[in-house]
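Trainee: Residue numbers (our numbering): -17 to 197. Built from N, CA and C at the ideal position, the CB exists for glycine as well. Because the structure is a prediction, the values reported are computed rather than measured.
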Amino acid sequence: MNGTVPFASADRDAGVLVGFDGSEPARSALRWAAVAAQSSGSALTVVTVYRLPPMMYTGEPAVLVSPEARAERDRANQLLDIARELLRDYPGEVTFSTAEGSPAGVLAALSARAQTLAVGARGRGGFLGQLLGSVAAALPAHAQCPTVVVPEESRPAGGQDPEASAPVRTTAPVVAGVDLSESSRPVLLLAAQHAQRLEAPLQVLTAMPLLREWR
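(1) Please confirm whether residue 2 and residue 89 have their CB atoms less than 8 angstroms apart.
(2) In angstroms with no decimal places, state the Cα-to-Cα distance between residue 13 and residue 29.
(3) Is the beta carbon of residue 176 closer than 8 angstroms to that of residue 160?
(4) Compare the beta carbon distance of residue -4 and residue 74 with 8 angstroms and say whether it is the shorter of the two.
(5) Quick check on the burial criterion: 16 or more other C-beta atoms within 10 angstroms. Buried or exposed for residue 148?
(6) Counting only the same chain and skipping the five closest in sequence on each side, list residues whose C-beta sits under 8 angstroms from that of residue 129.
(7) Please state whether DSSP places residue 75 in a helix, a strand or coil.
(8) Would DSSP call residue 62 helix, strand or coil?
(9) Taking the alpha-carbon positions, what's the residue 48 to residue 84 distance?
(10) Could you tell me whether any Cβ in chain D is nearer than 8 angstroms to the Cβ of residue 59?
(11) Who are residue 159's beta bridge partners in DSSP?
(12) Closer than 7 angstroms by C-beta to residue 154: which residues in its own chain qualify, once you throw out the five before and the five after it? Chain order, please.
(13) Could you give the distance in angstroms between the alpha-carbon of residue 0 and the alpha-carbon of residue 125?
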């Protein structure tokens, strides 16, 4: 494949970044991210974002000593323990961390250090305080790297487990939607990269307006 694949520079040290809230879609996103990181030789970064109730934003000392704040941080760390257990046999480099703030805002900011961002299509009624569905809807427009929204019950290509070290052959194509804009070039390059990695067909689509709209 010719050309330089975007978002693969050394300063993208977070590698494949995945938001994790413990829900089934988030677990699917974690599995997808683990396989993507392993097969591309990238780091894997797992982040749980939590939000504090509005009344807690009264200054740093109050936040640090608030039992509610400690409880939210503890809950976030417990969710990361679940992620660690799910990845217990994963052979690659993994970083686990928590962050406080708006889930969409935090993940969008962290995406500046990522090659790919993955989230589940929806959460368990809250990504520690916000519907993951709304996070998944907002991130593709605001993330600073390619973003994958993984549906519930999704499995990695070929049904791989996270500890699998190589992709398998698949007849399912990688589909890229392109137009004449400059932003289509990185989309096509990334799609070609994934198709090559998965040894899958690459299908390029362009949508045309209906004839009755050509007026």
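Mentor: Well, looking at it:
(1) no
(2) 14 angstroms
(3) no
(4) no
(5) Because residue 148 carries a pLDDT of 41, less than 50, the predicted location of this residue cannot be relied on, and no value is offered for it.
(6) 93, 98, 99, 100, 101, 121, 122
(7) coil
(8) helix
(9) 19 angstroms
(10) The question asks about chain D, but that chain is absent: this structure has only one protein chain.
(11) 187
(12) 182
(13) 12 angstroms
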